[in-house]
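Enquirer: Protein chains in written order, with the numbering used here: chain A, 95 to 464; chain B, 289 to 480.
Glycine included, every Cβ here is placed at the ideal spot set by N, Cα and C.
Source: prediction; values computed, not measured.
Okay, handing you the structure first.
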């Protein structure tokens with residue numbers, strides 16, 4: 095009898111992370127493996143938990159912007175925008191047009207920077223070492239521009255409730271136009287390098303597919319949802335700032351597999367360039383900050399605001415009791431929701447594909463754990 | 289196969305181009321004028337004292353509570369060299385806590401603090417992360433010299449300008465009271 099027991103096949107338990115380069119942060123997955131196949135997966139999050147939502151309750155509205163910088167630390171401007179818009183909506187502030195255009199330009203450039211980072215690291219995940227160098231070269235141009243505008247490469251703290259901190263430097267338009275030309279060339283180069291590479295295609299095509307209905311059920315948003323064929327984009331469906339005056343397409347893929355998610359982000363970068371071009375043409379002169387009291391004190395009430403982040407639909411639910419500090423801030427992070435269908439995506443796939451799947455949903459742990 | 293070859297050609301083409309990387313410790317890239325480095329305290333040359341009066345507004349507004357400040361009565365004010373009644377005595381910024389957000393600069397009423405371009409502050413001792421008033425003023429002087437910084441509200445904050453203004457206010461007031469009938473009589477309507 096004992097010999098029979100010894101010959102029994104058992105599942106192997108494999109810990110992946112939290113210190114693992116392919117998890118893009120401190121994220122731990124426990125994999126149950128049968129041979130090369132993943133039987134089950136359990137995500138463990140919370141290694142980067144800083145209690146941002148709770149910290150918000152003890153900070154004034156001006157200070158909260160710095161906390162939001164640190165949620166999705168790859169797309170800082172987009173995060174700042176959503177919290178500023180929440181407070182503005184509660185206070186009923188009209189943001190000057192020039193400030194809105196500046197915000198949109200910076201947000202779209204930040205979207206490109208974020209997608210470039212995804213492009214580079216995704217190449218790494220799939221085993222291609224070169225693309226990350228190209229991606230960082232392009233991203234550096236954007237970061238330099240951000241430094242010239244806001245004074246910091248990341249963690250800008252540039253958007254204010256009622257506008258932006260400072261007008262852009264006088265050579266801003268010129269500089270952005272020059273950068274856009276360089277970016278377009280660079281992105282095309284990146285495209286040539288990776289997108290249709292046979293090894294990359296065989297690693298990503300048909301892997302980790304999810305259909306539209308399941309994706310909606312799991313609460314996926316942003317590029318991950320659009321890759322399944324659902325044309326949902328907050329910029330189009332619930333326009334904010336000046337997006338209703340701008341013309342752009344929402345790229346949509348159909349299969350919802352890893353390559354579609356990748357390809358969609360590449361397409362989005364070109365659309366973002368298109369948006370920035372239009373903004374530069376339309377941008378009026380004028381003030382960049384609304385006339386407000388020095389310390390923001392929104393009236394009693396609650397508000398929900400959402401914006402299209404590079405990772406999806408970032409929402410902020412803000413409750414104010416009329417004081418200088420918010421009563422409660424709840425963040426609806428897109429990365430957290432993107433992690434939800436992890437079991438669905440990974441069950442039955444190869445161990446090596448886990449890395450590719452996790453890379454393709456493009457999570458940022460600062461936002462998942464908050 | 290074709291796509292793979294294209295990729296190889298892209299990579300190979302870079303063998304004949306200049307590298308875009310900079311070898312950091314040997315080669316420093318230029319800093320943008322708006323760069324937010326470590327906050328520094330500025331020096332008022334007209335009075336020979338710092339701008340900072342120790343009003344604590346930056347200490348209160350700092351999101352990470354990285355600052356400490358103490359004020360004292362200003363001896364130069366009693367001598368009539370400055371218009372500041374209080375002056376900073378001790379100031380300390382813990383750069384392990386500072387997140388370089390620039391909120392302190394924004395809230396300062398006295399043009400006293402500015403984000404300098406100092407950024408290479410790495411060290412080996414944790415105790416060394418507390419930057420004292422002397423060092424902050426040193427950073428500030430360097431920043432002032434290099435960047436040509438100008439106070440945004442000189443009438444209120446630069447001692448020389450403010451004192452002159454006070455004096456002017458006192459003297460012409462006396463002078464105006466003497467010559468009041470002459471100056472107040474011709475109103476714009478009558479002149480024309």
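Among 178/A, 106/A, 361/A, 422/A, which residue has its Cα nearest to the Cα of residue 133/A?
Expert: Out of 178/A, 106/A, 361/A, 422/A, 106/A has the C-alpha closest to the C-alpha of residue 133/A.
Enquirer: Would you kindly report the start and end of the unbroken alpha helix (DSSP H) that includes residue 304/A?
Expert: Taken as a continuous stretch (DSSP letters only), residue 304/A belongs to no alpha helix (DSSP H), as it is neither H nor E.
Enquirer: Looking only at its own chain, which residues have a Cβ that is under 7 Å from the Cβ of residue 219/A, when we skip the five neighbours before and after it?
Expert: Once the five neighbours on either side are set aside, the close Cβ partners of residue 219/A are 116, 449, 450, 453.
Enquirer: Quick check: the stretch 242-249 of chain A against the stretch 167-187 of chain A, are there 3 or more CB pairs under 8 Å?
Expert: A contact exists between the stretch 242-249 of chain A and the stretch 167-187 of chain A.
Enquirer: From the DSSP output, which residues share a beta bridge with residue 410/A?
Expert: DSSP lists 399/A, 425/A as partners of residue 410/A.
Enquirer: From the DSSP output, in three-state form, read off residue 132/A for me.
Expert: It is a strand residue.
Enquirer: Which residue comes first and which comes last in the beta strand (DSSP E) that contains residue 420/B?
Expert: Per DSSP, residue 420/B belongs to the beta strand (DSSP E) from 418-420.
Enquirer: How would you write the range of the alpha helix (DSSP H) that residue 212/A sits in, first residue to last?
Expert: 191-219 is the span of the alpha helix (DSSP H), which, as asked, contains residue 212/A.
Enquirer: Measure from the alpha carbon of residue 415/A to the alpha carbon of each residue in 446/A, 184/A, 305/A, 273/A, then state which is nearest.
Expert: The option with the nearest alpha carbon to residue 415/A is 184/A.
Enquirer: Pairing CB atoms from the stretch 352-370 of chain A with CB atoms from the stretch 138-147 of chain A, are three or more of them under 8 Å?
Expert: No, they do not touch.
Enquirer: Using a Cβ cut-off of 8 Å (strictly closer), state whether residue 347/B contacts chain A.
Expert: False, the Cβ-Cβ gap to chain A never drops below 8 Å.
Enquirer: What residue from 367/B, 391/B, 400/B, 432/B has the CA that sits closest to residue 525/B's CA?
Expert: Nothing can be reported for residue 525/B, as the shown portion of chain B is limited to 289 through 480.
Enquirer: Residue 482/B and residue 324/B look like a contact to me (Cβ under 8 Å); what is the Cβ gap, rounded to whole Å?
Expert: The structure shown has nothing for residue 482/B, since chain B only spans 289 to 480.
Enquirer: Excluding the 5 residues preceding and the 5 following residue 108/A in the sequence, name in chain order all residues of the same chain whose CB lies nearer than 6 Å to its CB.
Expert: The answer, listed in chain order, is 125, 127.
Enquirer: Under 8 Å, Cβ to Cβ, is there at least one residue of chain B near residue 211/A?
Expert: No, its Cβ sits nowhere closer than 8 Å to a Cβ of chain B.
Enquirer: What separation, rounded to the nearest whole angstrom, lies between the Cα atoms of residue 286/A and residue 407/B?
Expert: Roughly 38 Å between the two C-alpha positions.
Enquirer: Could you list which residues in chain B have their beta carbon closer than 7 Å to that of residue 283/A, in chain order?
Expert: Near residue 283/A (Cβ distances below 7 Å), the residues of chain B are 298.
Enquirer: Measuring only the C-alpha atoms, how far is residue 254/A from residue 371/A?
Expert: Rounded to the nearest angstrom, the two C-alpha atoms are 24 Å apart.
Enquirer: Find the nearest neighbour of residue 408/A within the set 224/A, 380/A, 385/A, 464/A, judged by alpha-carbon distance.
Expert: Cα-wise, what sits closest to residue 408/A is 464/A.
Enquirer: Taking the alpha carbon of residue 150/A as the point to measure from, which residue in 228/A, 142/A, 164/A has its own alpha carbon closest?
Expert: Of 228/A, 142/A, 164/A, the residue nearest in Cα terms is 164/A.
Enquirer: Can you find a CB in chain C that lies within less than 8 Å of the CB of residue 182/A?
Expert: You won't find chain C in this structure, because its protein chains are A and B.
Enquirer: Please classify residue 400/A as buried or exposed, where buried requires at least 16 neighbouring CB atoms within 10 angstroms.
Expert: Classification for residue 400/A: buried.
Enquirer: Could you check whether the Cβ of residue 249/A sits closer than 8 Å to any Cβ belonging to chain B?
Expert: Closer than 8 Å to some Cβ of chain B, the Cβ of residue 249/A qualifies, so yes.
Enquirer: For residue 246/A, decide whether its Cβ has a neighbour in chain B, counting only Cβ atoms nearer than 8 Å.
Expert: So, interface residue.
Enquirer: Counting pairs of Cβ atoms below 8 Å between the stretch 300-320 of chain A and the stretch 386-396 of chain A, do you hit three or more?
Expert: Not touching, per the Cβ criterion.
Enquirer: Just to confirm the assignment: which complete alpha helix (DSSP H) runs, minimum length 4, are found wholly within the stretch 348-381 of chain A?
Expert: Runs found: 352-376.
Enquirer: Answer with yes or no whether the minimum CB distance from residue 204/A to chain B is below 8 Å.
Expert: No, residue 204/A lies away from the interface with chain B (no Cβ there is under 8 Å from its Cβ).
Enquirer: At a cut-off of 7 Å, would you count residue 327/B as near the ligand MG, judging by its Cβ distance to the nearest heavy atom?
Expert: Ligands in the displayed structure: none, and consequently the ligand MG is not present.
Enquirer: Going by CA-CA distance only, name the one from 422/A, 118/A, 367/A that's closest to residue 276/A.
Expert: Nearest option by C-alpha distance: 367/A.
Enquirer: Quick one, which of 212/A, 417/A, 389/A has its alpha-carbon nearest residue 349/B's?
Expert: The option with the nearest alpha carbon to residue 349/B is 389/A.
Enquirer: Since residue 333/A and residue 365/A are thought to touch, with beta carbons under 8 Å apart, how far apart are those beta carbons, to the nearest angstrom?
Expert: In fact, because the Cβ distance is near 15 Å, the residues do not count as touching under 8 Å.
Enquirer: What in chain B is Cβ-close to residue 290/A, meaning under 7 Å?
Expert: Residues of chain B passing the Cβ test: 291.
Enquirer: Pick out the complete beta strand (DSSP E) segments inside the stretch 366-450 of chain B, 3 residues or longer, and give them in chain order.
Expert: Fully enclosed beta strand (DSSP E) runs of 3 or longer: 374-382, 401-403, 418-420.
Enquirer: Does the count of Cβ pairs from the stretch 373-380 of chain A and the stretch 313-325 of chain A closer than 8 Å reach three?
Expert: The answer is no - the stretch 313-325 of chain A does not touch the stretch 373-380 of chain A, with fewer than three Cβ pairs under 8 Å.
Enquirer: Using the three-state DSSP reduction, which class does residue 340/A fall into: helix, strand or coil?
Expert: Looking at residue 340/A - three-state DSSP - the assignment turns out to be coil, as it is neither helix nor strand.
Enquirer: On the DSSP letters alone, give me the boundaries of the alpha helix (DSSP H) that residue 291/B sits inside.
Expert: Counting along the chain, the alpha helix (DSSP H) containing residue 291/B begins and ends at 290-301.
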